[in-house]
Each structure stands twice: as C-alpha cells, then as structure tokens.
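Student: Before I ask anything, let me first share the structure, which is written out below as structure tokens.
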Ligand SMILES: *Cc1c(COP(=O)(O)O)cnc(C)c1O
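In the UniProt record's numbering, the protein residues as written are 1 to 381.
Next comes the structure, spelled out in structure tokens:
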C-alpha cells in the first residue's frame, strides 16, 4: 500500500499494517491505560499514557489523515468535542467566527451558548453570497466555518471560493465534512485548512459509536491541536477508535449504495403529489447542483423534502414510517427519518438557523430500495 493507492485500498490498509509481533491482520484493541518504559523515559514507540496516545487511536488517526489527504488526523470523544478543541485552540477572547447559514444545530449551540461566554463571537452568513461573506468577516475573524452539504437543507457551499475569501482575511477555513465523507469530498484538496467529522455518522456507519475527528494539512496547526487534544483530554476511547476503523473499511461500498438509494428516492418524491419540494443536491434543479458536481464525486445519502400539507402532514408522515426508523442521527446502514424542526434543530428555533416546520429529513440506508420506496409510499398516503 502506498500514498497513491486508491481510496478503497487506503480505507482498508492505511494505518493498519499487520501487528509486527503477532501478525494480527486487524488493528488490535489496545485497552491498556499505561505502557511499560524501558528505563526512565524509555518509551516504546512513543507510548506513555493512553490519554496522550494509544496504538488503536494512532491507527484511526493515520487512516483519517490518509483518506482526507491531510498531514495529521486527531480523534475525539465526539464531533462536538473535536469542534470545541479546535475552537479553543485557534480562538481566544475577542476572536470572531463566521458560520454558514444552516450549520449543524450543535455547532451553532456551541458557538452561541458556550464559546460566547468566553468572549468568542460569531456571525451567521450565507457562504454562497461573496459580498455577504466578506461583509461578515471582521479583523478579528479567525475561522470561517463551512458545512457542505448542510444539515438538513442540503445547501452546497463552494469550498474553493470560500477558502479564497477566508484566506484573503487571514482566517482559517474549517469544513464539516460529515455529510459527504472523504469518499465523496476532500476539502483539504480544495483549500480548506481543517476538516471536522462526526465519525458517529458515515465513518462509523453502523449507529454503534459516538466519535469525532479533525484532519489538517499544516504541520504547526497539527502540533497545536495535538497539544490541546492531550491537554484538554476530550479523546476518543480505544473501543470507539476500533469501531470507526472497522466501519471505514466499507465506507466506499456503503456510500455507493447510500447514494444510489437516495437518488431513486429523490426521483420518486419529485413526482409525489403530497410533496412540495425535494432537497437533494443530485437533482439538476437543486441550486447547488453544479458546485456539488464539481467538488464532490457523488451526491450522498441524505435528502430532505417539504410537505404540501405543512407541519401536521410532516409530523404524521414521520410517525407512519415502519422501515425507516424515527430517530435522530444519520449515516448508518439503516434508514432513518426525522422532523428537524422539532428534533435535531429544536435548539435553533427563533434563531437565523431555524428550519421549516414542514420539512422531513431522511438518512437513506443501504436496504433494498424497493422496500424503502414501499415504506415511503405508505407513510405519505
Ligand atoms: C452529528 C454531527 C455533528 C456533531 O457530532 P457528534 O458526534 O454528535 O458530537 C457535527 N456536525 C454534523 C454535520 C453532524 O451531523
């Protein structure tokens, strides 16, 4: 395996050389909290204490760096732990963050309710409106925070152009790549400085692990983040790391099926009389379709739709699904349905990030698409 190997080859092998002592073909689950030293300070392979580093986490971090084409990956206890560590590493009291218009509700809450108490301010802006973005940037802006596709409106931001505008102002461009996954989109190759992941979603892929990650290109920033990862201690545990490594091995084949199913469902909903609007970047009339086609290698497995019957109809449909499970989260092999206004995005109510009440979001799984279509049909009847 080399750095130029294909994506699926790296997903299965990067950071995962067979164990030199035993030949294990799968990364071992290292549960030890401390490591024997050969004489005082004589660390084997650099391992000392498991918060600072353990070999299972190293495997995941090296794997993430390879897939995102960065220089370093860092694994955390959750996506929000990764975001918090990043913000507290690069911001200080008086710093300012520009945040894309419909960012993940938890990211908005972290900035508006937590970071704000420590003197870090933020401004929401439409990242696709260059004038609005430039207008929102201040001399103190340290970070432009971009999510694309967004949750739950599936808006698309042009990563390369947003990077240029952020860099003109001396700010870092952070891209939350949770929805696309590195299989479909690699923001660092388009000019982003930091990629954020909730590995809870597509990377883990089986709805059985909560985790987060950062991947960066710049060596100095990587060092600062690694220092804070250890100093702040929001690290992922070894079982979580192991599950994410295991999940990533099948990321490519899962994403292919997720998006094939999502495309079929989007077409079906488009022709449905109960549906007033379908939000899926793969549809040619989606406002972000051309940019998505340029910067992604596929359109992903997430889609949302609005119901002509309003909030009541949306709530009723959410509760009628039987194969799609009514639940928050996304990116697992099983299909999920949710009502963002009352569920994942309830904390954005009354803010600029509030989402429409007639909106239903689907995380399309990898089941047989005919079964998914039949469930959709009966839920909307
Ligand atoms: C879930 C999610 C997060 C937060 O990750 P956690 O693992 O739940 O802390 C951040 N961004 C996006 C886009 C998400 O979907």
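Beta carbons are placed, not taken as given, at the ideal position from N, Cα and C, and that holds for glycine. Bear in mind the structure is a predicted one, so any value in this text is a computation, not a measurement.
For residue 117, which residues from the same chain have a beta carbon less than 8 Å from its beta carbon, with the 5 sequence-adjacent residues on both sides left out?
Tutor: none
Student: Take residue 82 as the anchor and find which of 251, 101, 200 has the nearest alpha-carbon.
Tutor: 200
Student: Roughly how far, in whole angstroms, is the beta-carbon of residue 226 from the beta-carbon of residue 274, given that I think they are within contact range, below 8 Å?
Tutor: Your pair residue 226 and residue 274 does not check out as a contact, with CB atoms roughly 51 Å apart and the cut at 8 Å.
Student: In whole angstroms, what is the alpha-carbon distance linking residue 140 and residue 148?
Tutor: 24 Å
Student: Would you kindly report the start and end of the unbroken beta strand (DSSP E) that includes residue 124?
Tutor: 121-125
Student: In the DSSP assignment, the beta strand (DSSP E) including residue 141 goes from what residue to what residue?
Tutor: It spans 141-147 - the beta strand (DSSP E) in which residue 141 sits, taken as one unbroken run.
Student: How many angstroms separate the CA atom of residue 5 from the CA atom of residue 69?
Tutor: 12 Å
Student: Leaving out five residues on either side along the sequence, give the residues of the same chain with a beta carbon under 7 Å from the beta carbon of residue 184.
Tutor: 255, 296, 297, 298, 300
Student: Would you identify the three-state DSSP class for residue 1, choosing helix, strand or coil?
Tutor: coil
Student: Among 331, 372, 283, 166, which has the Cα closest to the Cα of residue 207?
Tutor: 331
Student: By a C-beta neighbour count over all protein chains shown, 10 Å radius and 16 as the cutoff for buried, is residue 37 buried or exposed?
Tutor: So residue 37 ends up on the exposed side.
Student: Can you list, in chain order, the residues of its chain with a C-beta nearer than 8 Å to that of residue 196? Leave out the 5 residues immediately preceding and following it.
Tutor: 79, 82, 83, 86, 174, 175, 176, 177, 178, 212, 213, 214
Student: I want to check one thing, is the minimum distance from the CB of residue 147 to the heavy atoms of ligand 1 below 7 Å?
Tutor: yes
Student: By Cβ distance, which residues of its chain are closer than 8 Å to residue 112, with the 5 residues on each side in sequence left out?
Tutor: 122, 351
Student: Flag this pair as yes or no: are the beta carbons of residue 317 and residue 362 separated by less than 8 Å?
Tutor: no
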